[in-house]
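Here our numbering is used: the first residue of the sequence shown is 110, the next is one more, and so on.
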Amino acid sequence: MTYVFEPPPQASAAVAGSDARFPVHRIYCVGRNYEAHIREMGFEPEREPPFFFQKPSDAVVDNGATIPYASDTENLQFEAELVLAIGKGGRDIAIAEALDHVYGYAVGIDFTRRDRQFEARDRGRPWEPGKSFDQSAPMAAIHSASEVGHLQAGRIHLSVNGAMKQDADLSQLIWKTPEIISILSRSWLLAPGDLIFTGTPAGVGSVTPGDEITVAVEGLEPLKVRIGPPA
Ligand code: MN
110 MTYVFEPPPQ ASAAVAGSDA RFPVHRIYCV GRNYEAHIRE MGFEPEREPP
160 FFFQKPSDAV VDNGATIPYA SDTENLQFEA ELVLAIGKGG RDIAIAEALD
210 HVYGYAVGID FTRRDRQFEA RDRGRPWEPG KSFDQSAPMA AIHSASEVGH
260 LQAGRIHLSV NGAMKQDADL SQLIWKTPEI ISILSRSWLL APGDLIFTGT
310 PAGVGSVTPG DEITVAVEGL EPLKVRIGPP A
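Take a look at the structure:
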């Protein structure tokens, strides 16, 4: 196989306690998956089917990075999220078997251009400008399920410059991780290397250059990133 130019590097994420990295295939994200966050976004929680959007696989950023303030926004916001790392692919996966497809878990942030997202929402346009931009998916190291088990509950919290902004529990997820995997696999063929950002609790807010953001989920390596000046 030859290419007309050098292919881009494989996007990847760190694995806790290992030099080997997790090759990232696709990044799926779940919208509106904690009731209090749905309310703060101006909607009433209903158990509607979950909906999904994607980020480009090369939006992943390693723990400890300084991320330039995103272009094309006046309102860059954080969303603390539990990230599922898929180790075994499949389609039409049954809920009862869904967790067999999980390689592990990590802490992540779904960075959002809130102004662009709301414009898209209000005009019925695609969400990509609001969600699917460069360096919008920082994440800490992935812990294998064989190490930490399958996370169904546990505190998830985010602070900016030491001030608590989001503080919730994974048990408050409207759609649980096996349901997310099962429903997602009806629309897409899941593959090893897929990541799923599972949605954010209430308390999302804006960042400015110089901010230091820390996110933690009980049992996982915390994530720390700094917002730098615009690129
Ligand atoms: Mn999100």
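Ideal Cβ positions, reconstructed from N, Cα and C, are used throughout, including at glycine.
Values in this document were obtained by computation on a predicted structure and should not be read as measured data.
- Comparing C-alpha distances from L208 to each of D219, P247, N172 and S255 shows the shortest one belongs to S255.
- Here the C-alpha atom of G233 lies approximately 27 Å from the C-alpha atom of L298.
- Per DSSP, the unbroken beta strand (DSSP E) holding P247 starts and ends at A246 to M248.
- In the three-state reduction of the DSSP assignment, P318 falls in the coil class, being assigned neither a helical nor a strand state.
- The beta carbons of V139 and W236 sit about 13 Å from each other, so the pair does not count as a contact at 8 Å.
- At least one heavy atom of the ligand MN sits closer than 7 Å to the Cβ of E188.
- Residue burial is scored here from C-beta neighbours: A203 has fewer than 16 other C-beta atoms within 10 angstroms and is therefore classed as exposed.
- A123 and A194 have their C-alpha atoms roughly 11 Å apart.
- As DSSP reads the structure, R264 sits in a beta bridge with D278.
- For P238, there is no enclosing beta strand (DSSP E); the residue is found in the alpha helix (DSSP H) stretching over E237 to K240.
- DSSP assignment within the segment 170-216 yields no whole alpha helix (DSSP H) run of 4 residues or more.
- One thing to note: I136 has its Cβ no nearer than 8 Å to the Cβ of S180.
- DSSP, read as helix, strand or coil, puts T307 in coil.
- Remark: the C-beta of T309 is in contact range of the ligand MN, defined as less than 7 Å to any heavy atom.
- In this structure, the CA atom of T286 is about 14 Å from the CA atom of G196.
- Residue pairing by DSSP leaves S294 without any beta bridge partner.
- Counting the other CB atoms within 10 Å of its CB gives E206 a total below 16, which places it among the exposed residues.
- It is roughly 33 Å from the alpha-carbon of V326 to the alpha-carbon of D231.
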